[in-house]
Amino acid sequence: MPRHSPDRIDAPSVRFDRVGLRYDSSEDVLSDLTFELEQGSFTFLTGASGAGKTSLLRLIYLALQPSAGEIYLFGQRTSQLKRAQLAALRRRVGIVFQDFRLLEHLSAYENVALPLRVQGKKEVSYRADVEDLLQWVGLGARLHARPTTLSGGEQQRVAIARALVAKPDLLIADEPTGNVDPEMGERLMRLFAELNKRLGASVLIATHDLGLIERTSAPVMRLQNGLLVRDKMGDTRG
Amino acid sequence: MIRSKPEERETPLLPESDAREVALLFVVAALCFLAALVALSARASYGAAAEWTTAASGELTVRLRGVDTRAAGDAETLIAALDGVETARLITREEAAQMLAPWFGTDGLPAGLPVPVLVEVKARNGVTDLASSLATALDAAGFEALIDDHAKWGADVRRALGAARFAAFAAVALLVATAIAVIAFATHAALLARRDIVNVLHLSGAPDPFIANLFERRFWLLGLRGGVLGAIAALGVAAFLVFAVGANAERTWLLPRLSLDFWDFVILLLTPIIAGFSARIAARRTVIKELARTI
């Protein structure tokens, strides 16, 4: 079961209703997107560079407001929520950014613990969990290393651990295997699958890696020029 | 697995201060120094003027022309007997010499120097128009007299000092407003410089007050430190002035009497507290306003 229950038992984790996005007066980046990510679903998002994958993810993790349509997160219509309520929703979403966004003045351990600090938890209550998670992603010996001293792959693993540490209801990952070797990529995918199955968290992974997609039976959403062209498993293959 | 030792202290989510904050500390300290000094000066001037005008009110000086010692004594007796007069006292040549010592030295007045015959008069409490009744009585008795009512120029001094006090308040308010504006500007710059951190915190679900608190705490301490430095500098300058004026008391007797009393220390104590709170409020408002631009 997810750690946080959605407001409506049957509400999907994410629902887009005719959502559009444009930056300032430019053309639409995303147009007329309507889809749902059910609770506990595992979904891939793919598409060519510039198709709007990152913009779509930013809409889901509430970094952007849509210029048209409505977004529902855990059954809540986000356009009607106050700032504090939006912040509470964000705490239920774990994000693996493509550019990692680690805080350089904090150690790997402190970066991973960040979402828990934001939740106001005391270090003594999470220390073991954070260390275990870092151990699991192969960074048990680098707890106190600053991000600038870590390789790209190591930084990515710290970013993934940070996204997972608060046991989110929804995990969003933007190219999470882009900087890790195939073995670590497999381990990460297994971790995402485990999070999905054991904790019931919904997982949405944006990736270019068609091989990664083909190794699973998860549904795939494909973006092309800001439009969702297919959203069924197998439609993007071949 | 072997657990690491608990961290001695969590690393602050905002990095430790950088060169910009050192420069800002200097600016805040300088502004606090100026504000405290202006406030101390205003209080010293006002206190001295209040002391002086209180002493002067109800006092008159009568200058008699063309009288010898005996006639002067008669005039003194006449004045003392008038209704509304508390005391009347003839100022002796020795007292006149003391008053003129800054110009003629302490060896006494030159032998041929004409010294006006003065009678120092104190009015009873509540008597406001003694000057005209004194003039009438002396004129009737055949004395040629000029009457100087201290209250008249005491009121002028009070008016002038009221204006000076208003100017001092305005200067303090302006300095405080400048400090707040500088801190708001610096907070905005710090927010831009730390945008990556703010962004990660925001997307990790940190509520606006959580993020604002980080900046508030940072600028509260900066304001306090700046205020303490400014207050110490102002205390040093004030102490130097008190010492300098005291050391040259013979030649500076026209200046207001300077000292540092309880209320001056209250001003100095309040300086860092006001600076800290101003910095804190400025930082909070700036951060909340900036965050409101995000979703």
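If you read the sequences in order, they're chains B and Y.
FYI, in the numbering used here the residues of the first sequence are 1329 to 1566.
FYI, in the numbering used here the residues of the second sequence are 15 to 309.
Think of the CB as a built atom: it goes at the ideal place given N, C-alpha and C, for glycine as much as any other residue.
Computed from a predicted structure; not experimentally measured.
{"Check": "Kindly list, in the order they appear in chain Y, the residues whose Cβ is closer than 8 Å to that of Y1400 (chain B).", "Outcome": "The contacting residues do not exist; Y1400 (chain B) stays about 15 Å from chain Y at best."}
{"Check": "Do you know offhand how far A207 (chain Y)'s Cα is from E35 (chain Y)'s?", "Outcome": "12 Å"}
{"Check": "What is the rounded straight-line gap between the Cα of E1522 (chain B) and the Cα of G1554 (chain B)?", "Outcome": "31 Å"}
{"Check": "Looking at the structure shown, is T1564 (chain B) part of a helix, part of a strand, or coil, going by DSSP?", "Outcome": "Summary for T1564 (chain B): the model assigns pLDDT 39, below 50, so the residue's position carries little reliability; its value from the coordinates is reported in the next sentence. T1564 (chain B) falls in the coil class under three-state DSSP."}
{"Check": "Touch check for the stretch 160-175 of chain Y and the stretch 73-84 of chain Y: three-plus C-beta pairs under 8 Å?", "Outcome": "yes"}
{"Check": "With a 10 Å radius around its C-beta and 16 neighbouring C-beta atoms as the bar for buried, classify V280 (chain Y) as buried or exposed.", "Outcome": "exposed"}
{"Check": "Helix, strand or coil for S1383 (chain B), going by three-state DSSP, please let me know.", "Outcome": "helix"}
{"Check": "Taking the beta strand (DSSP E) that R138 (chain Y) belongs to, which residues open and close that run?", "Outcome": "Counting along the chain, R138 (chain Y) falls outside any beta strand (DSSP E), and DSSP gives it neither H nor E."}
{"Check": "Which one of Y:A178, Y:D97 and Y:L45 has the shortest CA to CA distance from G140 (chain Y)?", "Outcome": "Y:D97"}
{"Check": "Taking DSSP as the reference, what is the three-state secondary structure of A1376 (chain B)?", "Outcome": "coil"}
{"Check": "Among residues of its own chain, excluding the 5 on either side of D1537 (chain B), which ones have a beta-carbon nearer than 7 Å to its beta-carbon?", "Outcome": "T1505"}
{"Check": "Does the beta-carbon distance from A245 (chain Y) to T285 (chain Y) come in below 8 Å?", "Outcome": "yes"}
{"Check": "Compare the C-beta of F229 (chain Y) against all C-beta atoms of chain B and say whether one is closer than 8 Å.", "Outcome": "no"}
{"Check": "Are the beta-carbon atoms belonging to L148 (chain Y) and V135 (chain Y) less than 8 Å from one another?", "Outcome": "yes"}
{"Check": "Can you name the start and end residues of the beta strand (DSSP E) that F1363 (chain B) belongs to?", "Outcome": "D1356 to L1365"}
{"Check": "Beta carbon of L78 (chain Y), beta carbon of F157 (chain Y): below 8 Å?", "Outcome": "yes"}
{"Check": "Let me check understanding here. Comparing Cα to Cα, which of Y:I288, Y:A181, Y:A174 and Y:D143 lies closest to V99 (chain Y)?", "Outcome": "Y:D143"}
{"Check": "For Y1389 (chain B), which residues of its own chain have a beta-carbon under 6 Å away from its beta-carbon, when the five flanking residues on both sides are left out?", "Outcome": "V1421, I1423 and I1500"}
{"Check": "Can you confirm whether I1388 (chain B), when its beta carbon is compared against all beta carbons of chain Y, has any partner nearer than 8 Å?", "Outcome": "no"}
{"Check": "At the 8 Å Cβ level, is P286 (chain Y) part of the contact set with chain B, yes or no?", "Outcome": "no"}
{"Check": "By Cβ distance below 7 Å, which residues in the same chain neighbour S273 (chain Y) in space, the five residues on each side in sequence not counted?", "Outcome": "V256"}
{"Check": "Is S147 (chain Y) helix, strand or coil by DSSP?", "Outcome": "helix"}
{"Check": "Assign L1430 (chain B) to buried or exposed, taking buried as 16 or more other Cβ atoms, counted over all protein chains shown, within 10 Å of its Cβ.", "Outcome": "buried"}
{"Check": "Could you check what DSSP says for L1499 (chain B) in three-state terms: helix, strand or coil?", "Outcome": "strand"}
{"Check": "How big is the Cα-Cα spacing for I295 (chain Y) and N227 (chain Y)?", "Outcome": "10 Å"}
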